[in-house]
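*Asks:*
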Amino acid sequence: LVPTAPYCFLFLRLLVLIVSKCHQMRCVLQWHTKQGSSFSNPTCSPLSFQKHLPEYLTPHAPHGAFAVSCPALQAPVDGQKFGTKYLVDHEIHFTCNPGFELLGSSTRMCQANGSWTGEEPQCKGISKCSSHPCQNGGTCVDGLNQYECLCPQEWTGANCQYQTQTAPPTRSITNDPAFSRKPRCAKTDRTQHCSCEAGFHMSGTVDNGMCQDIDECEVYKLEGAPRLCMHACINVPGSYRCACPRGYNLLGDGKSCEDIDECALSQNNCTRGTTCINTGGGFQCVSSECPQSSGNISYVKTSPFQCERNPCPMDSRACHHAPKTISFHYLPLPSNLITPTPLFRMATASAPGRPGPDSLRFGIVGGNNRGHFVMQRSDRQTGELILVQSLKGPQTIEVDVDMSEYLDRAFQAKHVSKITVFVSAYEF
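Numbering-wise, the sequence shown is residues -24 to -1, 1 to 404 according to mature numbering (1 follows the signal peptide of the UniProt record, and there is no 0).
1) In the structure shown, what three-state DSSP assignment does Arg346 receive?
2) Should Gln243 go down as buried or exposed, given a rule of 16 or more other Cβ atoms within 10 Å for buried?
3) Does the region 257 to 264 come within contact of the region 232 to 242, defined as at least 3 CB pairs closer than 8 Å?
4) So with Cβ pairs under 8 Å, would you call Thr358 a contact of chain D?
5) With DSSP run on the structure shown, which of helix, strand or coil describes Ala294?
6) Just the Cα atoms here: how many angstroms apart are Asp54 and Gln98?
7) Going by alpha carbons, who is nearest to residue 406 out of Pro316, Arg160, Gly249, Ser303?
8) Give every residue of the same chain whose Cβ lies closer than 8 Å to the Cβ of His169, excluding the five residues on either side of it in the sequence, and list them in chain order.
9) What separation, rounded to the nearest whole angstrom, lies between the Cα atoms of Ser81 and Met379?
10) For a test of the three-state rule: what should DSSP assign to Cys193, helix, strand or coil?
11) Give a yes or no on contact between the region 218 to 229 and the region 245 to 253, applying the rule of three or more CB pairs nearer than 8 Å.
12) According to DSSP, simplified to helix, strand and coil, what is Leu49?
13) Among the candidates Arg84, Gly101, Lys100, whose CA atom is the shortest distance from the CA of Thr93?
14) Excluding the 5 residues preceding and the 5 following Leu307 in the sequence, name in chain order all residues of the same chain whose CB lies nearer than 8 Å to its CB.
15) Judging by CA-CA distance, which residue of Ser264, Val350, Gly90, Glu360 is the nearest neighbour of residue 464?
16) Could you give the DSSP three-state label for His36: helix, strand or coil?
17) Out of curiosity, what's the CA-to-CA distance linking Ser393 and Lys300?
18) Note down, in chain order, each residue of its chain lying with its Cβ closer than 8 Å to the Cβ of Ala134, except the 5 sequence neighbours on either side.
19) Give me, in chain order, the residues of the same chain whose beta-carbon lies closer than 7 Å to that of Arg222; leave out the 5 immediate sequence neighbours on both sides.
20) Checking the sheet assignment: what are the DSSP bridge partners for Asn254?
21) In chain order, what residues of the same chain lie with their CB nearer than 6 Å to the CB of Ile314, ignoring the 5 residues before and after it?
22) Let's test the definition: count the other Cβ atoms within 10 Å of the Cβ of residue 406 and tell me whether it reaches 16, buried, or not, exposed.
23) In whole angstroms, what is the alpha-carbon distance linking Gly230 and Cys193?
24) For Pro333, which option in Cys218, Ala219, Thr358 has the closest C-alpha, if you only look at C-alpha atoms?
25) Could you tell me which residues DSSP puts in a beta bridge with Met206?
26) Could you give the residue range of the beta strand (DSSP E) that holds Asn225?
27) Output the boundary residues of the beta strand (DSSP E) element that contains Arg321.
28) Rounded to whole angstroms, what's the CA-CA distance from Arg166 to Lys158? Just pull it up for me.
29) Using DSSP with H/G/I as helix, E/B as strand and the rest coil, what is Ala88?
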């Protein structure tokens, strides 16, 4: 029997079926792809056969059967790869490091023919000023992996976010007697020795010296110095004190800030029918609504944060493919959180006496800033939403993820989780 080019794929499938019949025995299969060469009859022997098979057919499946795998993929330069399995139906996700944008496919799936879907991803550098980080009329100047804001006279800070004092103070520190004191002096052996209290330093001449306050807040702004306060530092005569923003309490250590839970303390104005969600420095009043009915697809609210689909007509394919459950989740996050960080887990559990799904697929299906997240499988029954690019607050971001269940490769049900992330203005 001499196979020609159009029939090569059919012969290959036939050989794979023959191999699967050998179970745990190792088969030697020999064939040639040159025109006119013939296929030999397969025989079972103790010898290894893996080296004779096409590259994408590998013996990973149980009982000696063959599983299709795809070539290994590498993370793009200046980017990251999420996923380590290269078998059929498995997905690999790609993201770029901060300062780079992704060109190509962010997700690639291994196909049954041993090839990947999508295009090879690449990470291209983007301008640091493209996000317009400078506030209040500041001018952004691009640099190597960084930017600098040139602020108007009345604004200061890395992003021109703080207002400076535009009018001269009524009392300057140098003229305020609380910040300028006479030294303590004593004569010993006809020599005068002077000293200052803690928090002051000597200035002026030996005969006309004064003790000036040390501005600890300014001193510790130097690069590399430890932070005196978690938020704001206020200079006082001979010392300093820390202050927290609105919505936070100063802790007993005098420098750390703790969020006030307005929801637990009933310090909120949420109305009936809404739920109070505590956020960094404040709160949000939320109301989760089920989708409106469409055709024979309708939902009923089973809890404040979950909707379930009503039973479908037997012949309605559209209804069966609509989400079986829709859940709502609200996550408060600090600004500039270190990445990558898992934020949310999605899992399945089979009902007693009923077989559960043998395959799950997870994905991101909606939202207003999807590029900051990836959804990947963490184990056989669980998927994780991972923050891969830090978020600067204050802002609110929505991301929708889904989980599809399959049994014997047949679709069973889909579940959607709608996640709202409240990013605080502060990094604590």
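Every residue gets a Cβ at the ideal spot worked out from N, C-alpha and C, and that includes glycine.
*Replies:* A quick look at the data gives this:
1) Arg346 carries a helical assignment under DSSP once its states are collapsed to helix, strand and coil.
2) exposed
3) Yes, they touch.
4) Although the question refers to chain D, the structure presented lacks it and comprises just one protein chain.
5) Helix at Ala294.
6) Linking Asp54 to Gln98 through their CA atoms gives a straight-line distance of about 8 Å.
7) The requested residue 406 is not part of the displayed model; the chain covers only -24 to 404.
8) Cys161, Ala162, Lys163
9) 21 Å
10) In this structure, Cys193 counts as helix in the three-state DSSP scheme.
11) No, the region 218 to 229 does not touch the region 245 to 253.
12) coil
13) Arg84
14) Exclusion of the five residues before and after Leu307 leaves Leu319, Phe320, Ile395, Thr396, Val397, Phe398 as the residues of its chain whose Cβ lies within less than 8 Å of its Cβ.
15) Here the chain covers residues -24 to 404 and nothing more, so residue 464 does not appear.
16) Only weak support is given to the placement of His36: the predicted model assigns it a pLDDT of 46, under 50, and the question is left unresolved by the model.
17) 11 Å
18) Cys125
19) The beta carbon of Arg222 is closer than 7 Å to those of Gly257 in its chain, skipping five residues each way along the sequence.
20) Phe259
21) The beta carbon of Ile314 sits closer than 6 Å to none of the beta carbons in its chain outside the five residues before and after it.
22) Not covered by the structure: residue 406. The range shown for the chain is -24 to 404.
23) 14 Å
24) Thr358
25) In the DSSP output, where bridge partners are listed per residue, Met206 has none listed.
26) 224 to 226
27) 317 to 323
28) 20 Å
29) coil
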